[in-house]
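Student:
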Amino acid sequence: MPELPEVETIRYYLDHVLPGQKVHKVLHIDPRMVKTGSLSAEEIARRLPGHVVKSIKRRGKFLFLEWETQDHLLIHLGMSGRLIWIQNHEPWALHTHLVLDFEENQLRLIDPRRFGRIGWIDRGVELVPHLGTEPLSADLTSQFLVKRLQGRQAPIKSLLLDQSLIAGLGNIYVDESLFRAKIRPDRPGGSLELREIKRLVRSIRRVLQEAIEHRGTSFSDYVDALGHPGQNQDYLMVYGRNQAECRVCGQPIVTKVIQGRTSHFCLHCQK
């Protein structure tokens with residue numbers, strides 16, 4: 007599933023090419039993908055032509071096309087979604103569920119599994135009120151995590167995946183952050199000491215920033231807005247490296263299922 011770095015990579019590019027562009031026509035919108043917001047697929051298709059893009063925003067793993075009216079079109083990529091900016095004469099790929107036609111290019115959402123979603127958010131409505139703090143914002147501090155982890159017996163891995171705590175983290179970057187912070191993923195969240203929480207906050211920021219610099223992690227479905235794969239998979243320390251040598255100590259990376267999610271870690275480096 008695309009996580010914060012992948013979605014931010016897409017947002018960054020689209021925010022350089024889309025603002026000021028006017029929608030000529032909604033060539034296709036799959037009603038099955040419209041799962042949230044105030045308008046149906048048919049209503050979105052009728053409303054959007056003539057609208058001008060103001061900016062592209064991100065909140066957690068959600069993207070938002072902000073229009074000059076200050077309404078927003080929500081797009082979530084789910085597990086296999088791709089959002090690409092492509093010349094309008096190029097043939098449509100299979101599983102194309104949204105096509106916004108601009109002057110020379112089209113914005114297309116392709117999602118084989120259809121776990122993503124589209125929605126219309128009216129002006130003044132909070133975009134995704136259930137999401138927690140943004141991990142790259144000043145709101146993520148060690149003091150914030152100390153308060154939220156106090157007394158929690160759930161594994162720290164599961165707590166970090168909770169989108170109502172921190173928005174945008176997924177399996178890849180939680181595993182990588184915990185490795186950098188030298189914390190086992192099955193540790194109860196409330197057992198972490200202040201010094202460990204400080205390391206964890208720094209690690210989360212560093213891991214996400216480096217992944218954005220590498221344009222995201224591509225294993226199967228993810229590509230950026232131009233259809234190019236990311237490069238961060240070449241820099242992963244533990245995720246997807248079961249039984250490979252730890253890049254720090256040489257011991258084998260192990261896996262463990264923690265509350266239904268497979269976790270990768272080093273028994274030697276993560277105490």
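All you need for this note's numbering is the position in the sequence shown, starting with 1, plus 6.
All residues carry an ideal CB built from backbone N, CA and C; glycine is no exception.
Small disclaimer: the values here were computed from a predicted structure and weren't measured.
(1) Just tell me which of V180, A144, T268, D107 has its CA closest to the CA of P11.
(2) Do the CB positions of V29 and P55 come within less than 8 Å of each other?
(3) Tell me, to the nearest whole angstrom, how far the beta carbon of H34 is from that of T139; I am working on the premise that it is less than 8 Å.
(4) Can you look up Q156 in the DSSP assignment and give me helix, strand or coil?
(5) Once you ignore the five residues that flank K204 on each side, which residues in its own chain have a CB closer than 7 Å to its CB?
(6) I264 by DSSP, collapsed to three states: which one?
(7) Indicate the three-state DSSP secondary structure (helix, strand or coil) for E199 in the structure shown.
(8) Going by the CB atoms, is the gap between S183 and L206 shorter than 8 Å?
(9) Starting from the N-terminal side, write out each stretch of the alpha helix (DSSP H) that is 4 residues or longer and does not extend beyond the region 17–62.
(10) Give a yes or no on whether the C-beta atoms belonging to I50 and V32 are separated by under 8 Å.
(11) Could you check where the beta strand (DSSP E) with D107 kicks off and where it finishes?
Tutor: Here's the rundown:
(1) Considering only alpha carbons, the answer is V180.
(2) Taking 8 Å as the cut-off, the beta carbon of V29 is found closer than this to the beta carbon of P55.
(3) Separation of the CB atoms of H34 and T139 is rounded to 36 Å, and the pair is thereby denied contact status at 8 Å.
(4) coil
(5) Cβ-Cβ distances below 7 Å link K204 to S148 in the same chain, with the five nearest sequence neighbours on each side left out; the list follows chain order.
(6) strand
(7) coil
(8) Closer than 8 Å, so yes.
(9) 47–53
(10) V32 sits close to I50, with the two beta carbons spaced by under 8 Å.
(11) Counting along the chain, the beta strand (DSSP E) containing D107 begins and ends at 102–107.
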